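Input: a single structure, listed below in structure tokens.
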Amino acid sequence: MCQVDEEYNGQLDHRVTPRVSKKCVKCKENTTVLIIRAGDAFCRGCFKEYFIHKFRAMLGKNRVIFPGEKVLLAVSGGPASSSMLSQVQEGLSRDAPKKLRFVPGIIYIDEGGASGQSMEERKRTVAQLESVFRATNYHYHIVHLEQVLSLPSSVLEAGSSATGKPPTGSSYKAAVDHFIPTRKNQNQHPDLSVENAQSHLSNLSMQEVQNGVTSPITPEHTQALKRLFASVRTPTAKEDLLHTLRQHLILHTARTQGYTKVMMGDSCSRLAIKLLSNISLGRGASLATDTGFSDPRHGDVVIVRPMRDYSSKEIAYYNRMFDIPSVFIPGLDSKAQDKASIQRLTESFVTKLQTDFPSTVSTIYRTSEKLHTACPPQNTNTQLSAKCLLCVCALDTKLEEFSAYQATLISEQLSQRRGPGPEFTPGTTAAPGSPPASSAGQGHSSGGGQSQGCETGDGGCCSSAKEPETVDLKSLLCYSCRLTIKDMTALDALPQYILSEAERRRSQMREEISEFLLDEEEDEAIPRVNGS
Amino acid sequence: MMMSPASTHTDIKRRSPLSEFRVALKMPVLCSSCAEKRAVLKRPKTAHSLCKECFFWAFEEEVHQTIVSAQLFKHGETVGIGASGGKDSTVLAHVMKVLNERYNYGLKLLLLSVDEGITGYRDDSLETVKRNQQQYELPLKIVSYEELYGWTMDAIVKQVGLKNNCTFCGVFRRQALDRGAMMLKVDKICTGHNADDVAETVLMNVLRGDIARLRRCTAISTASEGEGVVPRCKPLKYAYEKEIVLYAYFKKLDYFSTECIYSPNAYRGHARTFLKDLEAVRPSAIMDVIHSGENLSVREGVKMPVQGTCGRCGYISSQALCKSCVLLEGLNRGLPRLGIGKHHRLHEKILLQQPLTQEEERKLKAVDF
């Protein structure tokens, strides 16, 4: 009753408890050990096959990972990403012709500095994870969140993709066909042979890993990071900022180490929650890139989400039954109350709703599949200034049609001190004709530039000296990143690369309009006219 | 007086040093707009402290800006205001009247009301509408389900039960409003849907997976082509529900404030609770959700319904029979589940007056209380 496309084929007539069949529905021989959904009872072997098959089907259907590519696996230690890691191992080890062919690397980001863990706890967690990673024999990188403070500002620029246009199905097939014979011929070549590449890399990994782990994190770095997060007032904005910084770190690592793809371990349930909380945060324009299978916003590095078809339940069962190692690491939102942040609130809402309406998560997931971005961000023709500084998505703050954003601007303007303008006072009916002109003028001027609104409010609330900086940064951000920045008290706590990139873009904009700008001294001599 | 509970956390960032100084000295906070009078309320939308007059002015100005910028009306049109007697439609009627005179829209306004036949709820709210008619001096027309369809909501609930009755009420009301508007030769209908309603609808459509509605629900006015269709708009689309209540309270407007007695079981309740919680965490969340909804776009190739006309009554419909004909047929034949869920194949049969098979009848009779 709560879904649009539901058919009632006599199910409602039989209101008995669903019968649990004793035999697996697939092979019909072995006894069932678990039930995924009502009516889907599997035995151990069939479940394993079903699980593994889904992973390869997801990669195969979407055909974005080309053979021989270097792929970075983002592992957080949690069940979903650990499961992804084991699936990759599974897929690469099989000797079938349909074996996965890419060169994996692992990245783990230690966020203990932001979530308030002590150095000993962090070292312990890292040691646990390292033992897991070493067992896989893949090259791995342990990166601390403090390193975000020393990133270059090129991280915020979208690189161009290697081929220039998105790869089509036929070119994928051609690439695969090419790969197999060459692999047979050049078995000793370290680049193409995955096994050799692995051993080659594992020889390197000892030195590389030294660099990754022991890159010096002084207590000053940790302090600076703590200061950054302390300057953010609300938990919602904290989580948002953490997510953005994490993305930047992963991107940087991928770029410097030569990875062209990144695999994230977001499960179906987590993506449904992410979709709803992104809608609540104002990220409607970039929903498709944030929750879709592939995320091409950075251009040269594409983020894929192969686990998006698995519900948390399936992953939990699999991990338990097949002993997949995972490490629990408390994050920013552990032990937080239900109403602490928007993300936490959405998580508890969806989970509760799922118990009453079991199809909630899959319905939301299907909705996300039908969306696409309003303005595709991977278009390399899009100027840099049209992308958000922090999340690298296309800006969604155009003021063409009357929209919610414009309405908010008008409300702000109307609630603050009105400048010396309209003769119209509240409570009196003015002559028709003149009030519309003046109020329309005010309305349009507020729509034209947010900075004007702030300046006229000199008796109001935004008269602090920090205001010009906020205004500068705001014009470079998308709608929801603006909300995050609004919650910050000290903008100079932001990492240097963000501030310098913002300055660079502002000066670029200034250059473009330099011929129309008047000198500062001249400007003050002329009394400013509002609303023209 | 209703104050948003979250206003305390936005409180800090919104106060200027001057007003903090005043608060420290226990002096009254001044209105942030005129800085003369004492502030009596804090706006839920922007957390500014305002005096009464400035709040009225800001609220009315915002609705005016919405109307002008979205070009909702043309000079000389006849506009029907969907009036239920509740706070949204009362405030809408009041503000429309005020703005019509103040800015000379040149509109002819009248009140349109729908009587669903819910005892204890609708008959009381209709009394409020009749009082509004006298207070605002606007002509009033009441259409009732009884005279249009031959069924009251009470009778429907007796047949259908408590779970799917909202579907019947909503579908019938839409057509009832259009029929009433056509009887009075109205050019446009405006309804009192506020920002909270639109945000709830966006969330609900995502939860139900209704892509077609998701695309349309944030539009401020509906399409205006087609026979038998009166375009409608939502001038209050960007007004928070809390601000509407504040406005009605301070202006001492007469409205009916009880919830429909059948509403607790609706699915929309979940979306509503979620939205209220969101607002408590971050007051701008309502506008953020609407912003997200406006910027959504659907991929090409996704199946969308095509607008056509109903085979029986000629009303607009995307199927062979419009939803209200299907529902009505189900009620009249004692098959209440006809219309809940998809029964395309049965539409043709009903249209051609063919009898349904034994199996189909049995399925449609099952009632879920």
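Protein sequence lines, in the order shown, are assigned to chains U and Y. Read in UniProt numbering, the first sequence has 236 at position 236, and its numbers run on one by one without any break. Read in UniProt numbering, the second sequence has 258 at position 258, and its numbers run on one by one without any break. We put the CB at the ideal spot given by N, CA and C, even for glycine. From a predicted model like this one, the values you see are computed outputs, not experimental measurements.
Which one or two residues does DSSP pair with residue i in a beta bridge?
{"i": "residue 402 (chain Y)", "result": "What is shown of chain Y runs 1 to 369, which leaves residue 402 (chain Y) out entirely."}
{"i": "residue 80 (chain Y)", "result": "Y:110, Y:189"}
{"i": "residue 118 (chain Y)", "result": "Partner(s): none; residue 118 (chain Y) has no beta bridge."}
{"i": "residue 540 (chain U)", "result": "An answer regarding residue 540 (chain U) cannot be provided, because it is not within the stretch 1 to 532 covered by chain U."}
{"i": "residue 49 (chain Y)", "result": "Y:42"}
{"i": "residue 285 (chain U)", "result": "Looking at the DSSP assignment, residue 285 (chain U) forms no beta bridge with any residue, so it has no partner."}
{"i": "residue 31 (chain U)", "result": "U:23"}
{"i": "residue 488 (chain U)", "result": "U:232"}
{"i": "residue 232 (chain Y)", "result": "Y:189"}
{"i": "residue 394 (chain U)", "result": "U:387"}
{"i": "residue 41 (chain U)", "result": "U:35"}
{"i": "residue 202 (chain Y)", "result": "Residue 202 (chain Y) pairs with nothing; no bridge assigned."}
Would you say residue i and residue j are within 8 Å of each other, going by their C-beta atoms?
{"i": "residue 255 (chain Y)", "j": "residue 85 (chain Y)", "result": "yes"}
{"i": "residue 42 (chain U)", "j": "residue 23 (chain U)", "result": "no"}
{"i": "residue 232 (chain Y)", "j": "residue 188 (chain Y)", "result": "yes"}
{"i": "residue 143 (chain Y)", "j": "residue 179 (chain Y)", "result": "yes"}
{"i": "residue 351 (chain U)", "j": "residue 209 (chain Y)", "result": "no"}
{"i": "residue 260 (chain U)", "j": "residue 487 (chain U)", "result": "no"}
{"i": "residue 59 (chain U)", "j": "residue 85 (chain U)", "result": "no"}
{"i": "residue 306 (chain U)", "j": "residue 132 (chain U)", "result": "no"}
{"i": "residue 231 (chain U)", "j": "residue 489 (chain U)", "result": "yes"}
{"i": "residue 321 (chain Y)", "j": "residue 314 (chain Y)", "result": "no"}
{"i": "residue 103 (chain U)", "j": "residue 68 (chain U)", "result": "yes"}
{"i": "residue 94 (chain Y)", "j": "residue 136 (chain Y)", "result": "yes"}
{"i": "residue 535 (chain U)", "j": "residue 473 (chain U)", "result": "Absent from the structure is residue 535 (chain U), since the part of chain U shown begins at 1 and ends at 532."}
{"i": "residue 141 (chain U)", "j": "residue 105 (chain U)", "result": "yes"}
{"i": "residue 371 (chain U)", "j": "residue 296 (chain Y)", "result": "yes"}
Quick check: does the Cβ of residue i come within less than 7 Å of any heavy atom belonging to the ligand MN?
{"i": "residue 152 (chain U)", "result": "By its list of ligands, the structure shown contains no ligand whatsoever, and the ligand MN lies outside what it can speak to."}
First and last residue of the beta strand (DSSP E) that includes residue i?
{"i": "residue 74 (chain U)", "result": "69–74"}
{"i": "residue 244 (chain Y)", "result": "That residue, residue 244 (chain Y), is in no beta strand (DSSP E); its alpha helix (DSSP H) goes 241–250."}
{"i": "residue 155 (chain U)", "result": "Taken as a continuous stretch (DSSP letters only), residue 155 (chain U) belongs to no beta strand (DSSP E), as it is neither H nor E."}
{"i": "residue 264 (chain U)", "result": "261–264"}
To the nearest angstrom, how far is it from the Cα of residue i to the Cα of residue j?
{"i": "residue 517 (chain U)", "j": "residue 507 (chain U)", "result": "13 Å"}
{"i": "residue 408 (chain U)", "j": "residue 287 (chain Y)", "result": "8 Å"}
{"i": "residue 339 (chain U)", "j": "residue 265 (chain Y)", "result": "24 Å"}
{"i": "residue 125 (chain U)", "j": "residue 144 (chain U)", "result": "12 Å"}
{"i": "residue 203 (chain Y)", "j": "residue 270 (chain Y)", "result": "10 Å"}
{"i": "residue 111 (chain Y)", "j": "residue 138 (chain Y)", "result": "7 Å"}
{"i": "residue 241 (chain Y)", "j": "residue 398 (chain U)", "result": "26 Å"}
{"i": "residue 329 (chain Y)", "j": "residue 338 (chain Y)", "result": "8 Å"}
{"i": "residue 331 (chain U)", "j": "residue 291 (chain U)", "result": "21 Å"}
{"i": "residue 325 (chain Y)", "j": "residue 28 (chain U)", "result": "47 Å"}
{"i": "residue 380 (chain Y)", "j": "residue 154 (chain Y)", "result": "Only positions 1 to 369 of chain Y appear in the structure, and residue 380 (chain Y) is not among them; the question remains open."}
{"i": "residue 512 (chain U)", "j": "residue 476 (chain U)", "result": "15 Å"}
{"i": "residue 90 (chain U)", "j": "residue 266 (chain U)", "result": "19 Å"}
{"i": "residue 272 (chain Y)", "j": "residue 200 (chain Y)", "result": "6 Å"}
{"i": "residue 129 (chain Y)", "j": "residue 114 (chain Y)", "result": "10 Å"}
{"i": "residue 238 (chain U)", "j": "residue 295 (chain U)", "result": "23 Å"}
{"i": "residue 164 (chain U)", "j": "residue 97 (chain Y)", "result": "Because the pLDDT of residue 164 (chain U) is 42, which lies under 50, any placement of that residue in the model is unreliable, and the number read from its coordinates should be weighed accordingly. Their Cα atoms are separated by approximately 58 Å."}
{"i": "residue 510 (chain U)", "j": "residue 35 (chain Y)", "result": "36 Å"}
{"i": "residue 61 (chain Y)", "j": "residue 414 (chain U)", "result": "8 Å"}
{"i": "residue 262 (chain U)", "j": "residue 31 (chain U)", "result": "39 Å"}
{"i": "residue 117 (chain Y)", "j": "residue 271 (chain U)", "result": "44 Å"}
{"i": "residue 293 (chain U)", "j": "residue 495 (chain U)", "result": "30 Å"}
Assuming residue i is part of the alpha helix (DSSP H), what are its boundary residues?
{"i": "residue 315 (chain U)", "result": "312–321"}
{"i": "residue 374 (chain Y)", "result": "Given a span of 1 to 369 for chain Y in the structure shown, any question on residue 374 (chain Y) remains unanswerable."}
{"i": "residue 238 (chain U)", "result": "235–257"}
{"i": "residue 225 (chain U)", "result": "219–230"}
{"i": "residue 412 (chain U)", "result": "404–415"}
{"i": "residue 255 (chain Y)", "result": "Residue 255 (chain Y) -> no alpha helix (DSSP H), and no H or E assigned at all."}
{"i": "residue 329 (chain Y)", "result": "323–333"}
{"i": "residue 100 (chain Y)", "result": "87–102"}
{"i": "residue 399 (chain U)", "result": "Counting along the chain, residue 399 (chain U) falls outside any alpha helix (DSSP H), and DSSP gives it neither H nor E."}
{"i": "residue 298 (chain Y)", "result": "Per DSSP, residue 298 (chain Y) belongs to no alpha helix (DSSP H) and is neither H nor E."}
Runs of alpha helix (DSSP H) wholly within the region 68–149 of chain U (minimum 4 residues, chain order): 79–93, 112–115, 119–136
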